[in-house]
Amino acid sequence: MRESETYIYGKNSIIEAIKSDTEIQKIFICYGVEAKNILILAKQKKINCTVLDKNKFRELEKKNCPTDAKTQGVIALKQIVKTYDLVGFLENIDLKKNPVLAILDGITDPQNLGAIVRSAECAGVEAIILPTKKSAMITPTAIKSSAGALNYFPIIQVNNLLVAIEKLKSKGFWIVGTEMKAKENYYDKIYDKPIVVVIGSEGKGMGSAIQKHCDHLIKINMVGKLDSLNASVSAGIIFFEILRQKSIK
54 MRESETYIYG KNSIIEAIKS DTEIQKIFIC YGVEAKNILI LAKQKKINCT
104 VLDKNKFREL EKKNCPTDAK TQGVIALKQI VKTYDLVGFL ENIDLKKNPV
154 LAILDGITDP QNLGAIVRSA ECAGVEAIIL PTKKSAMITP TAIKSSAGAL
204 NYFPIIQVNN LLVAIEKLKS KGFWIVGTEM KAKENYYDKI YDKPIVVVIG
254 SEGKGMGSAI QKHCDHLIKI NMVGKLDSLN ASVSAGIIFF EILRQKSIK
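The sequence shown begins at 54 in the numbering used here and counts up one residue at a time.
Encoded structure:
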């Protein structure tokens, strides 16, 4: 495997990768596994498929997938996920449509990253912005957790989130951060403009410097004993509230 390649696994992730025209070099299927849909799609796209006996498949699985990976007997070798430059991406975005972007600050769990991307894709978010450091990487685990959305959903990587926020604000975006003690609620009518939603980590939330740059701070009301939600759950609630408000106009 070259540095420009990675492995993905799981039937749904691989099906979505094929459908999104991701450049897949080869698909490996464990002998005896039902993979008819994958074989049909792979044939249409002229992707090479190899059936391995159980021992050889386990060797491939052990070498290239996380120890707790649920491969479902299917692994694919593909090009790494393409990431975007912020300035270039903003040049091609239509502010008149009030686009929604998201920044992930301190999200280090690949499964959380994948789940957030999955919700973002379903809710019409245009792209997600990640810092190059102290952030989850786009791993096979993240791709599987995203149900394959990471194969095509726009991911923007930046060296400095504060600098990125300044560029976004100068372009006309409003920054909406999440904060447990905020005065505004996530369902308030504040999304009728270009929006960037900042999702912080479950333990620490947003960084204080980023919080100071927010135009709105919102909270999600809770009535249980726990004082925080999983970051991907919070993101999904907010993304779909924005979609709901846009849909009723």
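Glycine included, every Cβ here is placed at the ideal spot set by N, Cα and C.
### Query
When the Cα atoms are used, what is the spatial distance from threonine 103 to isoleucine 82?
Walking along the sequence shown from the start, residue 103 turns up at place 50. Walking along the sequence shown from the start, residue 82 turns up at place 29. In a straight line, the C-alpha of threonine 103 is about 6 Å away from that of isoleucine 82.
### Query
Per DSSP, what kind of secondary structure is glycine 167 in: helix, strand or coil?
As a first step, residue 167 must be located in the sequence shown, where it is residue number 114. In this structure, glycine 167 counts as helix in the three-state DSSP scheme.
#### Entry: Where serine 281 sits in the DSSP three-state scheme
Within the sequence shown, residue 281 is the residue found at index 228, counting from 1. Serine 281: coil per DSSP, three-state reduction.
### Message
Judging by CA-CA distance, which residue of Ile301, Gly260, Gly230, Lys265 is the nearest neighbour of isoleucine 273?
### Response
Taking the sequence shown and counting its residues from 1, one reaches residue 273 at position 220. Of the listed residues, the one whose Cα sits closest to isoleucine 273 is Gly230.
### Message
For valine 153 and isoleucine 295, which I take to be in contact (beta-carbon distance under 8 Å), what is that distance rounded to the nearest angstrom?
### Response
Mapped onto the sequence shown, residue 153 falls at position 100. Mapped onto the sequence shown, residue 295 falls at position 242. The Cβ separation is near 6 Å, so the contact holds.
### Opening and closing residue of the beta strand (DSSP E) in which proline 184 lies
Position 131 of the sequence shown holds residue 184. Residues 180 to 184.
### Task
Kindly indicate which three-state DSSP category isoleucine 133 falls into: helix, strand or coil?
Locating residue 133 in the sequence shown gives position 80, counting from the first residue. Note: isoleucine 133 maps to coil in three-state DSSP.
### Message
Measuring straight from C-alpha to C-alpha, what distance separates serine 10 and aspartate 241?
### Response
Summary: the structure shown does not reach residue 10, with the chain confined to residues 54 through 302, and so no result is reported for it.
### Query
Nearest to glycine 289 by CA position, among Asn90, Ile67, Lys236, Glu174, is which residue?
In the sequence shown, the residue the question calls residue 289 occupies position 236. Ranking Asn90, Ile67, Lys236, Glu174 by CA distance to the CA of glycine 289 puts Glu174 first.
### Task
Inspect the beta-carbon positions of isoleucine 68 and isoleucine 91 and report whether they are closer than 8 Å.
Numbered from its first residue, the sequence shown carries residue 68 at position 15. Numbered from its first residue, the sequence shown carries residue 91 at position 38. Contact: yes.
### Counted within 10 angstroms of its Cβ, other Cβ atoms place leucine 215 as buried (16 or more) or exposed
Mapped onto the sequence shown, residue 215 falls at position 162. Counting Cβ neighbours within 10 Å, leucine 215 comes out exposed, since fewer than 16 surround it.
### Task
Please determine, among Glu144, Asn108, Lys186, Gly201, the residue with the shortest C-alpha to C-alpha distance to alanine 129.
In the sequence shown, the residue the question calls residue 129 occupies position 76. Comparing Cα-Cα distances from alanine 129 to each of Glu144, Asn108, Lys186, Gly201, the minimum goes to Gly201.
### Task
Would you identify the three-state DSSP class for isoleucine 128, choosing helix, strand or coil?
Indexing the sequence shown from 1 puts residue 128 at position 75. Isoleucine 128 falls in the strand class under three-state DSSP.
### Message
By the three-class DSSP mapping on this structure, what secondary structure does valine 153 have?
### Response
Within the sequence shown, the letter at position 100 stands for residue 153. Valine 153: strand per DSSP, three-state reduction.
### Message
Here's a check: name, in chain order, each residue in its chain whose Cβ is nearer than 6 Å to the Cβ of asparagine 117, leaving out the five neighbours to either side.
### Response
Sequence index remark: in the sequence shown, residue 117 carries index 64 (1-based). Taken in chain order, the residues that qualify are Tyr60.
### Task
Could you spell out the range, first to last residue, of the beta strand (DSSP E) harbouring glutamate 58?
For the purposes of this step, residue 58 is taken as residue 5 along the sequence shown, with counting starting at 1. Note, glutamate 58: beta strand (DSSP E), 58 to 62.
### Query
Assuming isoleucine 156 contacts isoleucine 169 under a Cβ cut-off of 8 Å, what Cβ separation, rounded to an integer in Å, is found between them?
Sequence index remark: in the sequence shown, residue 156 carries index 103 (1-based). Sequence index remark: in the sequence shown, residue 169 carries index 116 (1-based). At roughly 11 Å, the Cβ-Cβ gap does not stay under 8 Å, so isoleucine 156 and isoleucine 169 are not in contact.
### Query
Using a Cβ-Cβ cut-off of 8 Å (strictly less than) and excluding sequence neighbours within five positions of phenylalanine 142, which residues of its own chain qualify?
The residue you call residue 142 lines up with position 89 of the sequence shown. Result list for phenylalanine 142: Ala180, Pro207, Ile209, in chain order.
### Query
What are the uninterrupted segments assigned as beta strand (DSSP E) that are 3 or more residues long and contained completely in the stretch 90 to 131, given in chain order?
101 to 105
### Query
How would you call methionine 259, buried or exposed, if buried means at least 16 neighbouring beta carbons within 10 angstroms?
In the sequence shown, the residue the question calls residue 259 occupies position 206. Methionine 259 is buried by the Cβ-count criterion.
### Query
Could you check where the alpha helix (DSSP H) with lysine 197 kicks off and where it finishes?
As a working note, residue 197 is residue 144 in the sequence shown. That run of the alpha helix (DSSP H) goes 193 to 198.
### Task
Would you kindly work out how many angstroms separate the C-alpha atoms of lysine 89 and valine 276, rounded to a whole number?
Stepping through the sequence shown from its first residue, residue 89 is reached at position 36. Stepping through the sequence shown from its first residue, residue 276 is reached at position 223. The alpha-carbon atoms of lysine 89 and valine 276 are separated by roughly 47 Å.
### Task
Could you tell me the distance, in whole angstroms, from the CA atom of aspartate 106 to the CA atom of alanine 122?
Counting from one through the sequence shown, the residue named residue 106 turns up at place 53. Counting from one through the sequence shown, the residue named residue 122 turns up at place 69. Using only the alpha carbons, I get a separation of about 19 Å.
### Query
Within 10 angstroms of its Cβ, does serine 223 collect 16 or more other Cβ (buried), or is it exposed?
The residue you call residue 223 lines up with position 170 of the sequence shown. The residue is exposed, with fewer than 16 neighbouring Cβ atoms inside 10 Å.
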